[in-house]
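Novice: Next up is a structure, given as structure tokens.
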């Protein structure tokens, strides 16, 4: 009720506002007139009596102000009034307003959109129970060069048996694919096989049905939990799906539940099936293990306990000697690939914001100085300083809000741009997993962030200079002939400090951007060892789970793959095609293994030769464009019935046969049953794991002698993917109608994806650096041209005394350039410290690259000089007679 | 001109109420009336009158209405409300008590002298 009444009185007060205001004025004016009349009657002349009436009355403005307060005008009302005053002031100076708003908007837009990105990727907690206590557990063997590999099922079982004190629970999963048949096209699905504590481990509340029960691990149960998206896609969100059956890999399965939608960010698959204990003992590759730390247990404590456990395990299982564990919190493991890029961007955007703030402060300061006299006059005629301060506050707040609104609009657009540019999947280094990035969109938090930033920036940087002018001595200000003296005077004072700061900040950013630009162009120019263009890749997995599968025998697998290949090679539009166990740059797990060279003396115990092993079909080197350096490539005759052969890459050749011919030597894989394999060729090295990695020693085996269940098909074609993919599918289906083809990606897409982190950093950093440079130039220009304006009189005198325009020019530009050089010097020190932080993003260029630093220094000095040159030209054209007369 | 005194803080309201209690007045009239009834002895800055008037109106002690002044100009007239009349009585009593107390205090002599 009370609220309602006060609201109503506020409304009527607002309506009455102008009337009351007018009446108040009328009343006070009537008083003055009556008094003047009386005084005139007592014998003074009209002018004198009016003057006396005013003096007797006292501070007119102060009393009207007090009357307003006495009238009980609402706080809100004063606020409105201040706002109206602010708008009037801002409209009086459209150039100033536009510049300040634009500057703020740029700063706010960039920082808000990067904040949105960072929040979506780094700050968003995972939608699972106790996500901050979840840890990824990898095993490592530094002697073998394995920094992170997936544990085996036996490792997991051993760890469980040890009942670790650090972990509440352990969870194991395996990424896999399966074939869904029955009802439409055969479909390859991606899925997880998980231990049966899945539901409890993550605290999953299924959208439908249930998760697995612990006891369901005791025997094999064909149970399926559907991912939310797959349930929607394949089953049209059928609410009665639980209990229904489906055919996976030729076997009947029962659907027991549907996962909630939000889990798709951590489980980017189609379905989940359970491990049973027997299967768990056999599982040995591509496994992921998560642990949930007990509350209060640190990562370090857990790591210490795990290393003790690993040492104990090595006594029982000698093949686990030299193995350790690597523990990484799940939340950081997901984003570790993109985090350095994001943090660099966050830093960069902070710099842009600071420069924008410096510019606003600069503008406000110039204006405050220009208004010093006005302020002094208003204080002298009775305006309260508090009231004036409030008006300045209103003005800066308005400015900040305008900047903020423009910034948010700009940020919305930038965020959309970012979403398009940021890949939704981020490859994780050295892990058998890809991570799905959550979608990036602006939300309340981002808006609050933008609002907060803009208010802070506008008010703090806008109000401070205004208050400064309030504090200054009225008498001094009134006496001064020229209006203010802060920035001029040989470049001292806060204006100069701002120019120096802007120069320094811009320098650091431009250095960062220049380093990134070089890294990126070098990265793209670095040859991965094969031709990435016009190359299409896809995966084919033969189903052998079902008892009646045709492909249980490895040699059958080799034969059917050869059959697929010859059909694909014959398809129209296919220039060349081949099969490979793994496609380079896809960052799947590495197939590293030990071997010995028959012709060389054995290594000391505990030391091994290791290389990546790749099974490939004939025609692979040709299709990929990998150069053959010596010997020959594989042919169709390198099959089961003929002598075993291998091709090695030049990295391995150089390392093992420095001054010998490797052809004719024999590679022995440590397994007594396998015959030694003759080296028949040497090919160029391939950067298998990424553009920025060196080629790893690789041994190629012919797939006809080393069959696989899953292979990648690589096709070189001039046709677009959309045109060629149906041809390829038809070719494969002409062999087996039920064979799915999946993960169809062009090599260009793969390259785009793995260079994503650097590309984002490169692109955004360069945009920010450009912005920073422009803003800094605007700032320097503003300060210089203001100084020129202030010094017109002085310049006039100088010119009257014989200074030539060139001298004036040199003086003005020299002063600006000196400030800029000072700023660059400070920036140089900052950059030397800060670029080190981004060294993980750099490639082929040092964080303290001399040439880059020199070039950027030049660039900044040139930009600063140009920014000074424009106002200096104006100074040069000062006409001494006009300049002197106008004072 | 008699000796002038600055008015005590807080007494302006009382003076205004007293001045208006003798009949409705506009702002300048109140000023003249105060000067008249205090025998030109009390000095106030003229502008200070108005915030006080506005405050009293807001407190409901005075009532304002627009009318025509002696010289035929539109003017705002103030008169006492019932509440204003009560307040005037209370304040005047309070003031008198204070003055009496002060006077007796100032008359006091050293004991036993």
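Residue numbers (the working numbering), protein chains in the order written: chain A, 11 to 897; chain B, -4 to 108. Built from N, CA and C at the ideal position, the CB exists for glycine as well. In this text the structure is predicted, and so the values were computed from the model without any measurement.
Note down, in chain order, all residues in the stretch 52 to 66 of chain B with a beta-carbon under 7 Å from any beta-carbon belonging to chain A.
Specialist: Per Cβ criterion, the list reads 53.
Novice: Are there three or more Cβ pairs, one per stretch, closer than 8 Å when the stretch 781 to 790 of chain A is compared with the stretch 741 to 757 of chain A?
Specialist: No, they do not touch.
Novice: Answer yes or no: do residue 888/A and residue 837/A have a C-beta to C-beta separation smaller than 7 Å?
Specialist: No.
Novice: Beta carbon of residue 829/A, beta carbon of residue 510/A: below 7 Å?
Specialist: Against a cut-off of 7 Å, the Cβ pair of residue 510/A and residue 829/A comes out as a contact.
Novice: Just the Cα atoms here: how many angstroms apart are residue 69/A and residue 389/A?
Specialist: Straight-line Cα distance between these residues: approximately 10 Å.
Novice: Is it a yes or a no for the stretch 52 to 60 of chain A touching the stretch 36 to 48 of chain B, going by three-plus beta-carbon pairs under 8 Å?
Specialist: Contact fails: fewer than three Cβ-Cβ distances are below 8 Å.
Novice: Residues of chain B with CB under 8 Å from residue 889/A, in chain order?
Specialist: Within chain B, no residue comes near residue 889/A; the closest Cβ sits about 48 Å away, beyond 8 Å.
Novice: Using a Cβ-Cβ cut-off of 7 Å, state whether residue 50/B counts as contacting chain A.
Specialist: Yes, residue 50/B lies at the interface with chain A (some Cβ there is under 7 Å from its Cβ).
Novice: According to a CB-to-CB cut-off of less than 7 Å, which residues of the stretch 36 to 53 of chain A neighbour chain B?
Specialist: Residues passing the 7 Å Cβ filter: 37, 38, 40, 41, 44 and 45.
Novice: Leaving aside the five residues before and after residue 679/A along the sequence, list all residues of the same chain whose C-beta is less than 6 Å from its C-beta, in chain order.
Specialist: Around residue 679/A: 605.
Novice: Under 8 Å by Cβ, that's how I've got residue 269/A and residue 231/A pegged, so tell me the actual separation to the nearest angstrom.
Specialist: Between residue 231/A and residue 269/A the Cβ distance is about 18 Å, and since that is not below 8 Å, they are no contact.
Novice: Any Cβ of chain A within less than 7 Å of the Cβ of residue 41/B?
Specialist: So, interface residue.
Novice: How would you call residue 207/A, buried or exposed, if buried means at least 16 neighbouring beta carbons within 10 angstroms?
Specialist: That one is buried.
Novice: Relative to the C-alpha of residue 83/B, which residue among 6/B, 13/B and 7/B is closest?
Specialist: Out of 6/B, 13/B and 7/B, 13/B has the C-alpha closest to the C-alpha of residue 83/B.
Novice: Answer with yes or no whether the minimum CB distance from residue 791/A to chain B is below 7 Å.
Specialist: It does not; no Cβ of chain B falls within 7 Å.
Novice: Would you call the CB atoms of residue 62/A and residue 42/A closer than 7 Å?
Specialist: The answer is no: Cβ separation not under 7 Å.
Novice: According to DSSP, is residue 102/B helix, strand or coil?
Specialist: Helix, per DSSP.
Novice: Nearest to residue 325/A by alpha carbon, out of 216/A, 204/A, 243/A and 168/A?
Specialist: It is 168/A whose Cα lies nearest to the Cα of residue 325/A.
Novice: At what residues does the alpha helix (DSSP H) containing residue 550/A begin and finish?
Specialist: Segment 545 to 551 is the beta strand (DSSP E) holding residue 550/A; no alpha helix (DSSP H) there.
Novice: What ranges does the beta strand (DSSP E) occupy inside the stretch 66 to 93 of chain B, keeping only unbroken runs of at least 3 residues that lie completely in it?
Specialist: Segments of the beta strand (DSSP E) lying fully in the stretch 66 to 93 of chain B: 69 to 75.
Novice: Looking at the C-beta of residue 32/A, does it have a partner C-beta in chain B at a distance below 7 Å?
Specialist: So, not an interface residue.
Novice: What does the alpha-carbon distance come out to for the pair residue 720/A and residue 594/A?
Specialist: Rounded to whole angstroms, residue 720/A to residue 594/A spans 15 Å at the Cα level.
Novice: Taking residue 76/A as the query, report the chain B residues whose CB atoms sit under 7 Å from its CB, ordered along the chain.
Specialist: 46, listed in chain order.
Novice: Which residue marks the beginning of the beta strand (DSSP E) containing residue 326/A, and which one marks its end?
Specialist: Segment 309 to 326 is the alpha helix (DSSP H) holding residue 326/A; no beta strand (DSSP E) there.
Novice: Using the beta-carbon of each residue, which ones in chain A are nearer than 8 Å to residue 70/B?
Specialist: Neighbours of residue 70/B on chain A, chain order: 37 and 40.
Novice: Can you tell me the Cα-Cα spacing of residue 67/B and residue 36/B, whole angstroms?
Specialist: Rounded to whole angstroms, residue 67/B to residue 36/B spans 30 Å at the Cα level.
Novice: Within 10 angstroms of its Cβ, does residue 211/A collect 16 or more other Cβ (buried), or is it exposed?
Specialist: That one is buried.
Novice: Tell me which same chain residues have a C-beta within less than 6 Å of the C-beta of residue 495/A, skipping the five on either side of it?
Specialist: Low confidence applies to residue 495/A: its pLDDT is 41, below 50, so where it sits in the model is not reliable, and the reading given next is rough at best. Counting only Cβ-Cβ distances below 6 Å, and skipping sequence neighbours, we find nothing.
Novice: Identify whether residue 492/A lies in helix, strand or coil by the three-state DSSP scheme.
Specialist: Confidence at residue 492/A is low in this model, with a pLDDT of 45, below 50, so the placement of that residue should be treated as unreliable; the coordinate-derived value is given next. Reduced to three states, the DSSP call for residue 492/A is coil.
Novice: In the DSSP assignment, find the alpha helix (DSSP H) that holds residue 286/A and state where it starts and stops.
Specialist: Note, residue 286/A: premise wrong, no alpha helix (DSSP H); not H, not E.
Novice: How about residue 766/A and residue 548/A: are their beta carbons less than 7 Å apart?
Specialist: No.
Novice: Sort out for me which residues DSSP pairs residue 721/A with in a bridge.
Specialist: Note: residue 721/A sits in a beta bridge opposite 550/A.
Novice: Looking only at its chain, what residues have a beta carbon closer than 7 Å to the beta carbon of residue 241/A, apart from the 5 residues adjacent to it on each side?
Specialist: For residue 241/A, where only same-chain residues beyond five positions count, the Cβ hits under 7 Å are 247, 251 and 268.
Novice: Can you find at least 3 beta carbon pairs, one from the stretch 304 to 319 of chain A and one from the stretch 270 to 277 of chain A, that sit closer than 8 Å?
Specialist: Contact between the stretch 304 to 319 of chain A and the stretch 270 to 277 of chain A is absent, because fewer than three Cβ pairs lie under 8 Å.
Novice: Assuming residue 361/A contacts residue 866/A under a Cβ cut-off of 8 Å, what Cβ separation, rounded to an integer in Å, is found between them?
Specialist: Rounded, the Cβ-Cβ distance is 14 Å, inconsistent with contact.
Novice: For residue 772/A, which residues of its own chain have a beta-carbon under 7 Å away from its beta-carbon, when the five flanking residues on both sides are left out?
Specialist: So the list reads 526, 527 and 530, once near-sequence residues are dropped.
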